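In the numbering used here, the protein residues as written are 84 to 354.
The next block holds one structure in the form of structure tokens; read it before the comments.
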């Protein structure tokens with residue numbers, strides 16, 4: 084989405100061009116994940132729900148094995164018309180829960196019309212969830228493989244308790260081409276990049292320790308990458324070590340390593 088306008092200007096004729104895909108729709112549904120972990124084979128494993136941070140989910144498998152429960156019908160989130168360059172704005176959506184329980188995630192997927200007529204469709208719509216419009220099944224339909232969907236997990240006090248047939252409202256928008264689902268009244272904060280996100284909820288100590296280790300690891304990776312790229316002394320040592328190991332991996336008792344590994348190490352610096 085961020086590159087589409089620039090690509091249209093630089094690569095397309097103003098009066099004679101076609102955008103592929105022509106149109107796209109984002110669909111979503113509310114889900115409850117992990118409730119079965121409260122009593123799994125006699126054990127309470129619900130603490131693992133605090134680590135649902137992935138961005139993708141296999142809805143078909145989750146529904147089949149009972150690890151997820153669909154909490155709402157499918158609803159339309161965004162509709163894009165790339166041919167006319169019409170993009171949606173942030174807005175609110177109201178949906179009705181199918182059962183009483185907790186909404187722990189919003190799962191969403193796409194339906195893309197690859198041609199102007201809309202006869203060729205590419206989608207990752209879950210096979211276990213009926214389409215919003217059954218005419219889609221009569222088109223030239225293609226599903227990706229492996230079939231997975233995007234997911235926005237809620238944590239802490241963002242998990243919403245709902246009652247069957249009582250409407251629920253949620254705000255939807257997107258940043259950097261990634262949809263954002265936020266409950267009304269949520270306090271927003273700005274990241275260092277300037278991106279606005281919901282204020283992180285209180286976390287248990289084990290999750291806080293996990294986040295601390297994750298942040299320190301990512302910071303260390305950045306420092307190492309920066310050192311190898313910009314520190315001439317480190318680069319010089321690396322070149323010397325790579326050359327010596329590659330030239331005499333078995334001729335020097337100080338460098339007795341597998342020759343294949345020596346070649347890989349050499350390629351890191353010289354190719």
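Backbone N, C-alpha and C fix where the C-beta goes; we use that ideal spot for every residue, glycine too.
Nothing here was measured: the structure is a model prediction, and the numbers come from that model.
Any idea what DSSP makes of residue i, helix, strand or coil?
{"i": "residue 144", "result": "helix"}
{"i": "residue 122", "result": "helix"}
{"i": "residue 263", "result": "strand"}
{"i": "residue 150", "result": "coil"}
{"i": "residue 270", "result": "coil"}
{"i": "residue 275", "result": "coil"}
{"i": "residue 286", "result": "coil"}
According to DSSP, which residues form a beta bridge with residue i?
{"i": "residue 235", "result": "189"}
{"i": "residue 251", "result": "178"}
{"i": "residue 256", "result": "263"}
{"i": "residue 90", "result": "DSSP, once it has assigned bridges, lists no residue as partnering residue 90."}
{"i": "residue 106", "result": "164, 196"}
{"i": "residue 243", "result": "186"}
Just to confirm, is the Cβ distance from residue i to residue j under 8 Å?
{"i": "residue 171", "j": "residue 245", "result": "no"}
{"i": "residue 262", "j": "residue 178", "result": "no"}
{"i": "residue 193", "j": "residue 183", "result": "no"}
{"i": "residue 212", "j": "residue 225", "result": "no"}
{"i": "residue 166", "j": "residue 91", "result": "no"}
{"i": "residue 186", "j": "residue 109", "result": "no"}
{"i": "residue 149", "j": "residue 135", "result": "no"}
{"i": "residue 126", "j": "residue 154", "result": "no"}
{"i": "residue 157", "j": "residue 215", "result": "yes"}
{"i": "residue 296", "j": "residue 282", "result": "no"}
{"i": "residue 254", "j": "residue 267", "result": "yes"}
Counting only the same chain and skipping the five closest in sequence on each side, list residues whose C-beta sits under 7 Å from that of residue i.
{"i": "residue 120", "result": "128, 129, 131, 132"}
{"i": "residue 239", "result": "284, 285, 286"}
Ignore the nearest five residues each way along the sequence and tell me which others in residue i's own chain have a CB closer than 6 Å to its CB.
{"i": "residue 234", "result": "140, 188, 190"}
{"i": "residue 161", "result": "109, 171"}
Would you mind listing the beta strand (DSSP E) stretches within the stretch 159–231 that are 3+ residues and don't spill past its ends, in chain order?
174–178, 184–186, 188–196, 203–206, 223–226
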